[in-house]
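Numbering (UniProt numbering), first residue to last: 1 to 444.
All remarks here apply to the structure that follows.
Written as structure tokens, this is what we have:
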């Protein structure tokens with residue numbers, strides 16, 4: 001750091017030693033000419049004690065005396081005060097510019113104003129000229145202090161104006177003006193929340209009704225599945241019956257074929273018997289014709305035999321035809337009955353197939369309706385949740401805005417208190433400067 005320059009007027013080694021010996025503990029007061037005073041205070045009081053030679057002090061610093069100017073560099077940990085401006089030498093840096101306790105009031109030690117028993121310096125005129133220059137510099141500093149006081153007074157006026165504006169500002173009125181708006185908005189949000197709650201209740205009731213419908217459709221679906229299972233079982237049984245009827249039909253067809261063959265055989269046999277009988281009759285007629293010479297009357301016998309054989313042949317033919325017709329009718333009836341049964345079975349199977357297809361289509365429609373209802377329910381629940389979340393977010397935002405407004409009000413109050421504290425500090429500083437100025441004017 002740069003050295004601290006102290007210009008000392010009418011200060012000689014003996015006087016400095018005398019002043020140092022008479023100074024209180026930890027403080028050295030140098031008296032320049034014309035009532036000007038300089039204060040030099042050390043950080044460590046044990047370095048300055050009454051009765052010690054100043055050279056002991058100079059061991060902790062450095063000096064250079066030229067043209068009656070004393071150049072002093074503070075040593076490590078030493079503090080130097082000149083016109084209430086604090087600086088220190090090399091060593092640990094102080095965290096603040098001002099010393100602890102603020103600016104000390106300048107006091108005048110009356111004992112130090114007594115004339116000193118020292119010899120007059122032959123260059124007193126030169127020293128007085130230097131003192132005049134020092135007075136001019138001090139006057140300039142005094143003018144700067146006056147400017148600073150005026151600036152502080154202006155700041156005080158600004159703070160007073162701010163204080164009046166803050167007093168004129170009706171915070172309670174602003175709060176009362178904001179509260180109805182916020183309450184109205186909160187009431188609107190509450191109404192929206194109630195409407196959403198009503199919609200949710202309505203949607204819950206609709207969901208319950210839809211679930212009941214779905215349960216009903218599920219029950220019907222299960223019943224249709226049971227019916228389908230029963231129909232399939234019945235179809236299996238009917239298929240077994242149809243297979244049995246078809247096997248019976250095949251068996252009856254085989255019987256019909258065998259009977260046709262028997263009928264053909266009987267026809268052939270009948271024709272053979274007829275042919276044999278006719279040949280026998282022709283033989284007999286031949287024989288009879290050969291025996292006509294004997295004058296036998298065989299016409300009646302032949303007619304009778306012929307009539308008997310014809311009657312037997314007619315009876316056999318009638319019986320065979322009757323048996324054939326009977327068997328044929330029975331087979332036709334059985335085939336027709338089995339054909340009707342088969343046709344009925346086919347009709348029932350086709351009806352069951354159509355019923356199964358219709359039930360399947362209804363089941364698919366019910367599934368689609370159930371999926372659509374579930375999707376609608378999920379969408380409604382999502383919309384309700386989103387609306388509820390939005391309402392809660394808006395409510396939280398309003399609460400945050402209200403809390404922020406309260407914090408802003410508290411911050412304004414704190415700023416007001418800080419401004420009041422600053423105003424009081426400035427008033428105290430202005431009063432201190434006024435006292436200093438008055439004391440300087442009185443002394444001048």
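For each residue, glycine too, the CB sits at the ideal point set by N, CA and C.
All figures in this text were calculated on a predicted structure; none of them were measured in a lab.
query = What three-state label does DSSP hand residue 123 in the structure shown?
reply = coil
inquiry  = Looking at residue 189: is its Cβ nearer than 8 Å to the Cβ of residue 413?
reply    = no
inquiry  = Beta-carbon within less than 6 Å of residue 321's beta-carbon, same chain only, minus the 5 sequence neighbours each way: which residues are those?
reply    = none
ask   = What number of angstroms, rounded off, separates the C-alpha of residue 405 from the C-alpha of residue 139?
value = 52 Å
message = Below 8 Å, how does it come out for the stretch 309-317 and the stretch 251-263: are there three or more Cβ pairs, yes or no?
response = These segments do not touch.
query = Whole alpha helix (DSSP H) runs in the stretch 357-418 with 4 or more residues, listed along the chain?
reply = none
query = If you drop the 5 nearest sequence neighbours on each side, which residues of the same chain put their C-beta closer than 6 Å to that of residue 324?
reply = 263
Cβ-based neighbour list, residue 200, same chain, cut-off 6 Å, excluding 5 preceding and 5 following = 384
inquiry  = Am I right that residue 196 and residue 393 are in contact with their C-beta atoms under 8 Å? What's the rounded C-beta distance?
reply    = The C-beta distance from residue 196 to residue 393 rounds to 13 Å, too long to meet the 8 Å contact threshold.
task = Would you tell me roughly how many angstroms separate the C-alpha atoms of residue 102 and residue 433, rounded to the nearest one?
result = In this prediction, residue 102 has a pLDDT of 47, which is less than 50 and means its spatial position is unreliable; what the coordinates show is noted afterwards. Roughly 14 Å separates the two Cα atoms.
query = How close, in whole Å, do the beta carbons of residue 159 and residue 424 come, if the pair is a contact with beta carbons under 8 Å?
reply = Rounded, the Cβ-Cβ distance is 10 Å, inconsistent with contact.
query = Beta-carbon separation of residue 186 and residue 409 under 8 Å?
reply = no
task = Taking only the alpha-carbon atoms, compute the straight-line gap between residue 150 and residue 163 and give it to the nearest angstrom.
result = 19 Å
query = Do residue 359 and residue 224 have their C-beta atoms closer together than 8 Å?
reply = Taking 8 Å as the Cβ cut-off, residue 359 and residue 224 qualify as a contacting pair.
query = For residue 228, which residues of its own chain have a beta-carbon under 7 Å away from its beta-carbon, when the five flanking residues on both sides are left out?
reply = 356, 359
Closest by C-alpha distance to residue 374, when choosing among 439, 214, 422 = 214
query = Using the rule of at least 16 other Cβ atoms within 10 Å of the residue's Cβ for burial, across every protein chain shown, is residue 389 buried or exposed?
reply = exposed
request  = Compute the Euclidean distance between the alpha carbons of residue 440 and residue 161, then round it to the nearest angstrom.
outcome  = 32 Å
task = Enumerate in chain order the residues of its own chain whose CB-to-CB distance from residue 252 is below 7 Å, with the five nearest sequence positions on each side excluded.
result = 331, 334, 335
ask   = Do you know offhand how far residue 428's Cα is from residue 443's?
value = 22 Å
inquiry  = For residue 411, tell me which candidate among 134, 166, 128 has the shortest Cα-Cα distance.
reply    = Answer by Cα proximity: 166.
request  = Say whether the stretch 335-352 touches the stretch 242-249, bearing in mind that this needs 3 or more beta-carbon pairs closer than 8 Å, one atom from each stretch.
outcome  = yes
task = Compare the Cα-Cα distances from residue 436 to each of 142, 136, 126, 129 and report the closest residue.
result = 142
query = Which class does residue 424 belong to by DSSP, given the choice of helix, strand or coil?
reply = helix
query = Could you give the distance in angstroms between the alpha-carbon of residue 277 and the alpha-carbon of residue 303?
reply = 13 Å
request  = Check whether the Cβ atoms of residue 210 and residue 377 lie closer than 8 Å to each other.
outcome  = yes
key: Buried/exposed call for residue 249, threshold 16 Cβ in 10 Å   = Around the beta-carbon of residue 249, 16 or more other beta-carbon atoms lie within 10 Å, marking it buried.
ask   = Roughly how many angstroms separate the alpha carbons of residue 203 and residue 184, rounded to a whole number?
value = Whole-angstrom Cα-Cα distance: 28 Å.
key: Pair within 8 Å by beta-carbon distance, residue 155 and residue 426   = yes
message = For residue 217 and residue 401, what's the separation of their Cα atoms in angstroms?
response = 52 Å
message = Assuming the contact rule is C-beta atoms closer than 8 Å, residue 152 and residue 391 should be a hit. Round their C-beta distance to whole Å, please.
response = The Cβ separation is near 55 Å, so there is no contact.
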